[in-house]
Amino acid sequence: MPKEDCKYWDKCYQQNPAHLSKYNHPKKQEEQEVDGAEGKKVAPKRSASSQSGEKEKGEQTEPVDKDKFNTSASSTEMVNEEMTKGSYEAETEELHKEAMSNISGKNYMEILEKRIRLSVQKEYDNLCESNEFIRHKFLVEMPPDFYEFWKFVGSLKIDPSKSKDAGLEHLDKVFQLQLVGPFEFLAGKFHGAKLGEPGDYLRHWRFYYDPPEFQTIFVRRGTGIHYGYWRDVPQDKENLLIARNDSAKGCEFQFVAGNAFDAFLYYLEHDFAATPFSCGQLAVTKKAVPKYLSDNSLELAQLDRLQRERNKRVVAKTFHRGGIVVPFDQKTEVGYRPLAVSDSELKKMLAMLDRKDVDNGAAKQAVLEKIQPVANAANIAVDESDFGSALELGIDMFCSGHKELHMLASSLLVPAYSMLSRPQFIAIAKAHMEQRSREVNLSIFEVLK
């Protein structure tokens, strides 16, 4: 009876007579083939390095083990995980492979920089497809009346064959009113525009005295007169007050409306000087506003109610007169404490910086020496949870208009906004003070030319 082959072939360790009499122990088939082809010489095993070297040269490849490619639930999950990798990681991996395979003929850093630019451009183009662009670039969200007003602008009798920004052009041409900032995004002006730095978007139409809480939406062309939404908290997007400021006259703001429609009417009434040629357009447009609101059954928040509600939460007026709002416990009086000096005393300290007969360096040093104890007291107040004190003094330093005080203002605003969980305002304040300008044309599109 023929003996069976042992499953361990010639590598079997058993030497007992019973096992040897029952099983054959031949060499493996591959070794036999090698023996026959090379005169019974056994081919030496190749090292991992030699295998990889041969693969790169394309001289020889190992036979494919088909079992490795059998589909299964686990392998499918691995593939899915690879497919769902973030675009950044996938592009980086692809870039690495490309550069390494062409290491002698390409500059790795040039490829990397090109890919980064393409990745940023793609992200920007995707943002432009939704209103998420506004939150991403301006760090705030817009209230419902903002979008309704944009629809109203589109309802004005404008040639429908014109582009999306026809409404902007119409108001600018007839009423010298520029709709800016987020309105320009809705008009498509940011689509395909040259990319800017994050700070460029935060400075877009941000006038000299605009605090972080203010966002410009209307501008009287060629002047410092501008209107914007006022947010005490960056996340606010309901029932926002609209304030007005003329940067040529100073830092004070005035609340003029509780929605964009009323702000538009206020502008037409107070800041637009009609001519005989525009009187007809003015009358028609004024009538169009209440008609649009009635036709669409819109009930908008009014200035008086919003201002009364907000005044209850204001803890200090500050130099800009708009006031600041912070959480304040009436019983424990935690959240805010008055500054060590009054507004009038603080203004007297700062007045030395305006004197022409005093050296600027000496004046700055003298002012800082007087203000430093006030700042120290405000910082101590922050440590004791009275965050409003540092916010008030920081806003006052900013509203003074003196760039020499920017560092002091920042040292107060950053901890205050941080403890109040308003990091968006930190970013806005820093970007503004980095390139603060008294110009009246503050469009990002001028910067990126």
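Numbering of the sequence shown is given in UniProt numbering, commencing with residue 1 and proceeding in unit increments. We put the beta carbon where it would ideally sit given N, CA and C, even for glycine. As the structure is a prediction and not an experimental result, all values here were calculated from the model.
Environment of residue 323 [buried if 16+ CB atoms lie within 10 Å]:
The residue labelled residue 323 in the question sits at position 323 within the sequence shown. Buried: at least 16 other Cβ atoms inside 10 Å.
DSSP bridge partner residues for residue 225 (one or two, in chain order)
The residue you call residue 225 lines up with position 225 of the sequence shown. Answer is 246.
Less than 6 Å between C-beta atoms, sequence neighbours within five positions excluded: which residues of the same chain meet that for residue 175?
Within the sequence shown, numbered from 1, the residue matching residue 175 stands at position 175. Contacts found: 272.
Can you list, in chain order, the residues of its chain with a C-beta nearer than 8 Å to that of residue 138? Leave out the 5 residues immediately preceding and following it.
Along the sequence shown, one-based indexing puts residue 138 at 138. Cβ neighbours of residue 138 beyond the five flanking positions: 181, 182, 201, 202, 204 and 215.
What is the DSSP secondary structure of residue 260, counted as helix, strand or coil?
The residue you call residue 260 lines up with position 260 of the sequence shown. DSSP places residue 260 in helix when its eight states are reduced to three.
Where residue 220 falls: helix, strand or coil (DSSP)
Translated into positions along the sequence shown, residue 220 becomes position 220. Three-state result, residue 220: strand.
At what residue ranges does the segment 277–348 contain a whole run of the alpha helix (DSSP H), taking only runs of 4 or more?
279–295 and 303–311, all fully within the segment 277–348.
Return yes when the Cβ of residue 187 is within less than 8 Å of the Cβ of residue 165, no when it is not.
For the purposes of this step, residue 165 is identified with residue 165 of the sequence shown, where counting begins at 1. For the purposes of this step, residue 187 is identified with residue 187 of the sequence shown, where counting begins at 1. Yes; because the gap between Cβ atoms is below 8 Å, this pair is in contact.
Could you tell me the distance, in whole angstroms, from the CA atom of residue 282 to the CA atom of residue 274?
Indexing the sequence shown from 1 puts residue 282 at position 282. Indexing the sequence shown from 1 puts residue 274 at position 274. Rounded to the nearest angstrom, the two C-alpha atoms are 7 Å apart.
Own chain residues within Cβ distance below 8 Å of residue 221, not counting five before or after:
Sequence index remark: in the sequence shown, residue 221 carries index 221 (1-based). Residues of the same chain with a CB within less than 8 Å of the CB of residue 221, apart from the 5 flanking positions on each side, are 172, 176, 177 and 178 in chain order.
Please list, in chain order, all residues of the same chain as residue 405 whose beta carbon is under 7 Å from its beta carbon, the five residues on each side excluded.
In the sequence shown, residue 405 corresponds to position 405, counting from 1. Closer than 7 Å at the Cβ level, and outside the excluded window around residue 405, lie 397.
Tell me which residue opens and which closes the alpha helix (DSSP H) that residue 365 is part of.
In the sequence shown, counting from the first residue as 1, residue 365 sits at position 365. 360–383 is the extent of the alpha helix (DSSP H) around residue 365.
Applying the 10 Å Cβ sphere with the 16-neighbour rule, what's the burial state of residue 331?
For the purposes of this step, residue 331 is identified with residue 331 of the sequence shown, where counting begins at 1. Looking at its Cβ environment, which holds fewer than 16 other Cβ atoms inside 10 Å, residue 331 is exposed.
For the putative contact between residue 293 and residue 255, defined by C-beta atoms under 8 Å, what is the C-beta separation to the nearest angstrom?
On the sequence shown, residue 293 is found 293 positions in, with the first residue counted as 1. On the sequence shown, residue 255 is found 255 positions in, with the first residue counted as 1. With 8 Å as the limit, residue 293 and residue 255 do not qualify as a contact, their Cβ atoms being about 21 Å apart.
Could you say if the segment 307–323 and the segment 333–348 meet the contact criterion of at least three C-beta pairs nearer than 8 Å?
The segment 307–323 vs the segment 333–348: in contact.
Does DSSP put residue 215 in a helix, in a strand, or in coil?
As a working mapping, residue 215 is identified with position 215 in the sequence shown. Reduced to three states, the DSSP call for residue 215 is strand.
What residue range is occupied by the uninterrupted beta strand (DSSP E) comprising residue 168?
Taking the sequence shown and counting its residues from 1, one reaches residue 168 at position 168. No beta strand (DSSP E) holds residue 168; the alpha helix (DSSP H) holding it covers 166–175.
Going straight from the alpha carbon of residue 121 to that of residue 170, what length do you get?
In the sequence shown, counting from the first residue as 1, residue 121 sits at position 121. In the sequence shown, counting from the first residue as 1, residue 170 sits at position 170. Going from the Cα of residue 121 to the Cα of residue 170 covers about 31 Å.
Taking 8 Å as the cut-off, decide whether the C-beta atoms of residue 128 and residue 251 are in contact.
Looking up residue 128 in the sequence shown gives position 128. Looking up residue 251 in the sequence shown gives position 251. At the C-beta level, residue 128 and residue 251 stay beyond 8 Å of one another.
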